[in-house]
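Report on the structure given below.
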Amino acid sequence: MSKRRADGEHAGRDWKKQKLTDARTIAVQSNAVASSSTVGNGLQTRSLLIWLPLTRFSQARAFEIDAMHKAMKTASASSTHRVWQTLPRHLRRRAASHDVRRVPLRLRDKARQEMNAVKKKPLARLRSQRGKDKRPSRTETFLKRQRDKSWLETHIWHAKRMHMENMWGYRLAVTPTEKAFRASHRASVHGAILHDASYQSIIQLRGPEKILRTILDACSDLQGPGPGAKRYLPGARTIDTHIYEPGEYPFGLVGPATICWRPISAPPEPRALTPPGESTPSVTSMAGKGKGKGKEKEKAKDPPTERIDPDAVLRTVWIRSHPATSEKVFATLKMSASLVLDAARKAAPPGTVLSELGVELEDLSGQINAFEIMGPKANQVLKGALSPVSQDSREEFKKFWASMTDLQTSGSIPRGMIIGFKVLDPRLKFPPKNAKPQSTHASPMIIPSATLAQSDLWEDSTRESLRKPRYKKKDLDERRAKNAIPGTPLNPLRQDDRVPVMLIQRSVECGASSNDPALHGWTLLLPAGWSMPFFSSLTYTGTRVGGQRERQTQAFEAGVGCFPRDYPLCAAYDAYAAQRETEEQARWTRTPPAKRANYASLGTRSPWRADWGVVLGIDAPAPANAALVPTQRETGSDGGARARPWLLRGPAVNGLLQKLLALPVPDRPVVLSSELDTLRRRRAIRALEVPPADLVRGALVRVRITPVARGSPQDLAVIYAVDDAEAHDHYVQLATAKPPQTDIIGYVTTGNFSLSHGAGFALGAVALLSFLRLGEQARR
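Mapping of the sequence shown onto full-length UniProt numbering: residues 1 to 780, in sequence order.
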């Protein structure tokens, strides 16, 4: 038997029913009043009407018409609208739906009744069967949602304000929900824009300096100085390079990477070298730290004879790479280390025991967070948000920090410069204020040095001790509430955390000889667990926050390729192209036939993916009747199967192309092969075993495209070659002329309207042979 409801609940239900009934009832005029009404020439309504005047009839029925309108309005308002929803647009406020005093006086009684409505009890089948103690906590719920991907520490902040997608094993922000395309570009050019780049992986190598130099030189870009150059060894600056499979250059491109050495603060302690026949000190091996046993261990501690070898100093190096290539970079470094160690053991003098010689390879992803702050105001933002500790007595750092206010842009300091220091908890002086630049003072000259680059962020124990802030935000708020003057910063206590950070100068630029605009800023490295304290201070002063689209736009506006979308013929690009092909083809299939492009009639060979093998002549094109169905490409003939596709890129490419254009056509393959072999011999790598003709046939070169007239090339736009007649007329309209598919020489990888150029702009790639033919045509 169910319990009988209380009388008050019956009264409330009956009152609500009566209210709805009254609202939906149309008022009726009484018979006495209606009978006294006359129409026409004074005849009573009961008599037969001969004619009916509309004006007098409507006046006589004014009461019924007004009653009907009121009934319609009250019935609609009582069932589907609340009081605050009936207000005019300019009077509606969000608080009006929660506070009766926000509603006009004439509607407050009704609003008060709506606010105090009787709450319905939930049905038994809808109630939670678990008690409060058995319900999963908020942390457990968030961890459960991260089974197939990882969240950054700033994920919740981004998820509320930006569109999120699963990318490279992370849940990353793509673009803000607001219209921010032009505003983000203006912020990168005239203001400051922040991007959370903590998803990038960091791999640590530790071992003898000579071994590490050989490992990195074997798998890095051969153009320009290598990671083992004298300018990078002290650890005062980073080097931006590209990782290749060991000994495979120019093939086997993995992706871009940033390499930095741990600075040398004092004269290093070299390892002791023992004469032949004696055991060597134990060195960290690939699987972990080696340990000696018995008498050999005692000899390792106190060697009888020591010789100082500067190449045997134990050094540490970090390699930061894209998350799409983190596993491949780790495997490549491991393979390079194995090859170098095997060669070192073979080259050792007879009788030398080198069985324990090795290096330590560790993945530090998730232990170090990174923020990229771009724009001319990045210096003022960092100066206002960060507070270095007063115990730092380095004169170089004091000079640099004083100049941060006057620096108009970070592009005026050396590229890749590293500054290491400790800062106070940024929450102590929240809210921060941006520093104001003084344009009257000249910016001092800042020179990179190992002393200036010193940072405790390299220490594992320091990062582990700062894994979680000592004080929560509520603890700091309680201390702030005790201040006599509200809003004053908190004085740091001895117990407050001192956080080690690193500032790395970052530039997005095409080169000194290019007219494309360059963007400059900083990369801020900090220990894990401190993203939100720093993020809140950096964004409080109006710094915009960008996602993946904004970061790609920065590279596009500077004329620099963005990885992996602008790096064809590598594994990361293939994965990106396959995902985009699936999405674009699914979108095309969902579109009605009358609203989508007919690629069959247009003769488009590969509408959703660039067929680089066909462009290079290595693969055969798909049949005409299967143009819209992805198929496995067949191997070409005439020696095309021997050609291996590869991407010709690097800082010395422009000079190499100009050299090839000045040579006769038959000599170009031999000269190209000779130039590449010269680069390989410089790093002690054997010569290429690929025929020069096949080497040229499989090469792809990246290009920048600017339309002659109006128009903006889009992604996957086809690049055609024109004959001399069309080239003489500058261009032809392709709306009436369909070029043959054999004239395709490349594709656009990124294209759009460039805000910095004020016109259409695109980045693409074409076959090297086609590019050389275009050069000859331009000279003609």
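Positions of the beta carbon are idealized from the N, C-alpha and C atoms, including for glycine.
Pro645 beta carbon less than 9 Å from that of Gly698: yes
Leu216 CB to nearest heavy atom of the ligand NAP below 8 Å: No copy of the ligand NAP appears in this structure; indeed no ligand is present at all.
Span separating the alpha-carbon of residue 781 from that of Asp574: There is no way to answer for residue 781, as the model of the chain reaches only from 1 to 780.
Pick from Ala378, Thr706, Ala778 and His195 that is closest to His757, judged by C-alpha positions: Thr706
Range of the contiguous beta strand (DSSP E) that encloses Gln720: Note on residue identity: the sequence assigns Tyr, not Gln, to residue 720. First-last of the beta strand (DSSP E) with Tyr720: Val718 to Tyr720.
Neighbourhood of Ser198 by C-beta distance below 6 Å, restricted to the same chain and skipping five residues each side: Leu152, Asn369 and Ala370
Residue interval of the beta strand (DSSP E) (run including His158): Taken as a continuous stretch (DSSP letters only), His158 belongs to no beta strand (DSSP E), being part of the alpha helix (DSSP H) at His155 to Arg161.
Nearest to Ala721 (by Cα), restricted to the options Leu452, Gln777 and Ala684: Gln777
Member of Ser390, Leu476, Ser403 and Met502 whose CA lies at the smallest distance from the CA of Leu428: Leu476
From Ser201, Cys260 and Leu205, residue whose alpha carbon lies closest to that of Lys230: Cys260
Unbroken beta strand (DSSP E) run spanning Tyr747, endpoints: Ile744 to Ser754
Proximity of Ala622 and Arg596 at Cβ, strictly below 9 Å: no
Residue span of the alpha helix (DSSP H) that contains Cys260, given as start and end: Not the alpha helix (DSSP H): Cys260 falls in the beta strand (DSSP E), residues Leu253 to Trp261.
9 Å Cβ cutoff met for Ser321 and Gln200: yes
Strand pairing of Tyr170, partner residues [DSSP]: Ser150 and Met167
Between the CA atoms of Lys328 and Pro500 - distance to the nearest angstrom: 30 Å
CA-to-CA distance, Gly235 to Pro414, given in whole angstroms: 14 Å
Reduced DSSP secondary structure (H/G/I, E/B, other) of Gln777: helix
Length of the line joining the Cα atoms of Tyr232 and Arg479: 45 Å
Nearest-angstrom Cα separation, counted from Ala594 out to Val508: 43 Å
One or two residues paired with Lys398 in a DSSP bridge: None, per the DSSP bridge assignment.
Cβ-Cβ distance between Arg551 and Gly226 below 9 Å: no
Option in Ile719, Arg61 and Asn654 with minimal Cα separation from Val615: Ile719
Own chain residues within Cβ distance below 7 Å of Glu675, not counting five before or after: Leu656
Rounded straight-line distance, which links the Cα of Asp109 to that of Lys19: 14 Å
Residues near Val629 by beta carbon distance below 8 Å, same chain, minus five either side: Any reading at Val629 must be qualified, since the residue scores a pLDDT of 48, below 50, and its modelled position is unreliable; the value itself is stated next. The residues are Ala622.
Buried versus exposed call for Asn654 [16 or more other C-beta atoms within 10 Å across all chains shown]: exposed
Helix, strand or coil at Phe430 according to DSSP, with G and I counted as helix: coil
Environment of Pro486 [buried if 16+ CB atoms lie within 10 Å]: exposed
Beta-bridge pairing of Ile419 - partner residues as DSSP gives them: Leu503
Rounded distance between the beta-carbons of Leu503 and Ile419, thought under 8 Å: 4 Å
Every unbroken alpha helix (DSSP H) within the stretch 473 to 547, with a cutoff of 4 residues, ordered by chain: 473 to 481 and 531 to 540
Integer Cβ distance of Leu216 from Gly207, believed to fall under 8 Å: That belief does not hold up - the Cβ atoms of Leu216 and Gly207 are roughly 11 Å apart, past 8 Å.
Beta carbon of Val340 nearer than 9 Å to that of Ile211: yes
Residue burial classification, Arg93 (beta-carbon count within 10 angstroms, cutoff 16): exposed
Assigned secondary structure, Pro388 (DSSP; H/G/I helix, E/B strand, else coil): strand
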